[in-house]
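In the numbering used here, the protein residues as written are 31 to 302.
So, in structure tokens, the structure goes:
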């Protein structure tokens, strides 16, 4: 139970920062008494907690988007209404991760969880995030988001299926490369994650009923609750932070963490 609570805390702490929560759970598992990977299922289920935090934090936005999207079918809301468009953008942007998640499910749950890959992704995508933050125009607002850009966001989000990339980091990086403001890039990244995370989480939840897992249902539920509470606080902090600061601290952290994992793997302290 203590291990699960620790993992839930780390999940909530890292899910919304561009440093990859799945990488942290994968790495942390090596240092807990059992010294084992918590598993893709545990990670996906605990993400239900952090994604519920997104729903709570952006509740008014979500209700408005959903109501305007449905209203656009009846003519009550114009088809070009920004919130109705956002509904379509979230749907379109969610398609890539669904397709890749189904096609590469076995690799996602096994091969891609190698710590060599995790460390590499932390460093490589940390550098890309830094370059995007430095070079991006940061002029476009969220209401200027186009459908092609929504698809590109979706492909960036699908890379988060690899531990170390980061769901928020990958999508925010794409937003910055496309010229969007930091806050706009992060806001769409969080909204875009809702269908994918809930879909993956509930799929793994049902699947876990018939398969053995590292942590039982009570421990997993407790970890998910902790992730929800911590996630709410982190979203509030992060949205405030990026309106005034760059992503440089997160870039440095990713590179240092990735380098440390390389050293630990190379010396045999931990196993890939």
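Every residue gets a Cβ at the ideal spot worked out from N, C-alpha and C, and that includes glycine.
When the options are compared against residue i, the one with the closest alpha-carbon
i           : options               : result
residue 190 : 217, 124, 214 and 166 : 124
residue 155 : 283, 267, 294 and 80  : 283
residue 122 : 188, 86, 134 and 80   : 188
residue 33  : 222, 272, 83 and 249  : 249
residue 159 : 48, 74, 273 and 103   : 48
residue 81  : 43, 151 and 108       : 43
residue 304 : 244, 41 and 272       : No answer is possible for residue 304: it lies beyond the span of the chain, which begins at 31 and ends at 302.
residue 88  : 224, 110 and 232      : 224
residue 300 : 165, 58 and 102       : 58
residue 75  : 50, 264 and 235       : 235
residue 229 : 287, 79 and 213       : 79
residue 165 : 209, 198 and 287      : 209
residue 194 : 41, 31, 45 and 53     : 53
residue 278 : 139, 161, 99 and 115  : 161
residue 231 : 251, 215 and 213      : 251
residue 192 : 98, 102, 264 and 134  : 134
residue 51  : 157, 100, 198 and 237 : 198
residue 138 : 96, 104 and 56        : 56
residue 170 : 196, 110, 153 and 213 : 213
residue 110 : 45, 215 and 174       : 174
residue 45  : 196, 68, 102 and 295  : 196
residue 153 : 98, 115 and 285       : 285
Straight-line Cα distance separating residue j from residue i
i           : j           : result
residue 66  : residue 60  : 5 angstroms
residue 72  : residue 131 : 16 angstroms
residue 245 : residue 186 : 30 angstroms
residue 226 : residue 128 : 7 angstroms
residue 63  : residue 136 : 27 angstroms
residue 107 : residue 92  : 16 angstroms
residue 184 : residue 126 : 6 angstroms
residue 306 : residue 86  : Limits of the chain in this structure are 31 at one end and 302 at the other, which puts residue 306 out of reach.
residue 207 : residue 163 : 8 angstroms
residue 172 : residue 70  : 32 angstroms
residue 31  : residue 119 : 39 angstroms
residue 84  : residue 117 : 16 angstroms
residue 268 : residue 247 : 30 angstroms
residue 157 : residue 211 : 19 angstroms
residue 297 : residue 287 : 15 angstroms
residue 276 : residue 100 : 37 angstroms
residue 266 : residue 182 : 26 angstroms
residue 280 : residue 77  : 21 angstroms
residue 113 : residue 105 : 14 angstroms
residue 263 : residue 96  : 25 angstroms
residue 270 : residue 215 : 14 angstroms
residue 102 : residue 94  : 12 angstroms
residue 237 : residue 274 : 42 angstroms
residue 302 : residue 68  : 14 angstroms
residue 90  : residue 115 : 16 angstroms
Beta-ladder partner(s) of residue i, from DSSP
i           : result
residue 210 : 170
First through last residue of the alpha helix (DSSP H) which encompasses residue i
i           : result
residue 31  : Run containing residue 31: none; DSSP gives neither H nor E here.
residue 162 : 145-165
residue 183 : 177-188
residue 252 : 247-271
residue 113 : 112-133
residue 83  : 70-87
residue 52  : 51-59
residue 284 : 278-296
Cβ-heavy atom distance, residue i to the ligand SAM, below 7 angstroms
i           : result
residue 207 : This structure simply doesn't include the ligand SAM, nor any ligand for that matter.
C-beta neighbour in chain D for residue i, strict 8 angstroms
i           : result
residue 228 : Protein chains in the displayed structure number just one, and chain D is not present.
### Task
Decide if the region 254-272 is in contact with the region 36-48; the criterion is three or more beta carbon pairs, one per stretch, under 8 angstroms apart.
yes
### Query
Should the region 164-183 be regarded as contacting the region 134-144, the criterion being three or more beta carbon pairs within less than 8 angstroms?
no
### Message
Using a Cβ distance threshold of 8 angstroms, determine whether the region 215-222 contacts the region 196-206, with at least three qualifying pairs required.
### Response
yes
### Query
Are the region 146-153 and the region 290-301 touching, with three or more C-beta to C-beta distances below 8 angstroms?
yes
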